[in-house]
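Asks: The following block contains the structure, expressed as C-alpha cells.
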Amino acid sequence: CAESLAELYRLLNEDDRRFGLWKNRSNTTESRAGLSMVQHGFWQRAQSLFYQAMVKATQGTYNNTVPKAEMCLWEEQWLHCATQLGQWDALVDFGKSTENYEILLDSLWKAPDWAYLKDHVIPKAQVEETPKLRLVQACFALHEKNANGVGDAENIVGKGVDLALEQWWQLPEMSLHARVPLLQQFQQLVEVQESSRIYVDITNGSKVPGN
C-alpha cells in the first residue's frame with residue numbers, strides 16, 4: 001500500500017510539473033486558467049475555457065501570437081475533459097470529422113454504435129494491434145450474445161493482455177505517466193473477461209435439464 005501511494009504521489013508530481021511548465025510558457029489566460037481547473041478536477045469549466053480559446057483562435061482574436069503547440073494543448077485538454085465527462089457522442093463526432101480512429105475506438109463502444117464500429121472503424125484500425133483494439137473487439141464479440149461470441153471474447157481478452165504486458169515491459173522504468181493508460185486497459189480487459197464468464201454462468205443456469 002505504501003509503495004502504491006508513493007508511485008501515485010510521484011505520478012501526480014509529474015503532472016504538476018508538466019502543468020507548471022505550460023502555465024509559465026503559455027500566452028493566454030485561457031490556457032493558464034484551464035490547466036488550473038484540470039488540476040482541481042473542474043472538467044466542465046476547464047473544457048469551456050479551452051473551447052473559448054479555440055474559438056478565439058479561429059476568429060483571429062490572438063492575431064497569430066499563440067504558438068501551434070499551445071493550440072494543440074487546447075485540443076488535447078478539451079478531449080481529455082470530454083473523456084472525463086463521458087461525452088462520448090461529442091468525441092465520436094470529433095473522431096469522425098478528423099478520421100481519428102483511436103478516438104473512435106475509445107468512444108463508439110461506449111456511445112454505443114456497434115454498427116459504425118464494425119463497418120467503418122475496426123477494419124481500418126486493425127493496421128496496428130493494440131490492447132485497446134483487442135478490448136473493443138472483445139466487447140463487440142460479447143455484444144453478439146451467443147456461445148461463439150463469448151468464446152471469441154475470452155480469446156481476444158487473452159491476446160489483449162499479452163499485448164498490454166509486452167508494451168508494459170517496453171516502457172522505461174520511471175515512465176509512470178505512460179503506464180496509466182495501460183493499467184486502465186488491464187482493468188477493462190479483466191472486466192470484459194468477468195462479464196463473459198457471468199454470461200456463461202447465466203446461460204448455463206437458465207438451461208432446464210431434460211429440455
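Take UniProt numbering: the last position of the sequence shown gets the number 211, and nothing is skipped along the way.
Glycine is no exception: its CB is placed at the ideal position from the N, C-alpha and C atoms.
1) Under DSSP, the alpha helix (DSSP H) around TYR62 begins and ends at which residues?
2) Is the segment 127 to 135 touching the segment 90 to 98, taking contact as three or more C-beta pairs under 8 Å?
3) What does a CB cutoff of less than 8 Å around TRP78 pick up in its chain, not counting 5 residues either side in sequence?
4) Mapping DSSP to helix, strand and coil, what is SER4?
5) Which term fits ALA69, buried or exposed, when burial requires 16 or more other beta carbons within 10 angstroms of its beta carbon?
6) Looking at the unbroken alpha helix (DSSP H) that takes in ALA33, where does it start and where does it end?
7) Work out the CA separation of GLU154 and VAL180 for me, nearest whole Å.
8) DSSP three-state label for TRP42, please.
9) Within the continuous alpha helix (DSSP H) that includes LEU79, where are the two ends?
10) By the 10 Å Cβ neighbour count, where 16 or more other Cβ atoms means buried, how is CYS139 classified, buried or exposed?
11) For VAL136, I'd like the list of residues in its chain whose CB is within less than 6 Å of its CB, leaving aside the five on either flank, ordered along the chain.
12) Decide if ILE198 is buried, meaning its Cβ has at least 16 other Cβ atoms within 10 Å, or exposed.
Replies: Reading from the atomic positions:
1) No alpha helix (DSSP H) holds TYR62; DSSP gives it neither H nor E.
2) no
3) GLN47, PHE50, TYR51, MET54
4) Below a pLDDT of 50, predicted positions are generally treated as unreliable, and SER4, at 41, falls in that range; the measurement from the model is reported next regardless. DSSP places SER4 in helix when its eight states are reduced to three.
5) exposed
6) 29 to 39
7) 24 Å
8) Checking the sequence shown, residue 42 turns out to be Phe, not Trp. Three-state result, PHE42: coil.
9) 68 to 84
10) buried
11) LEU105, TRP109
12) exposed
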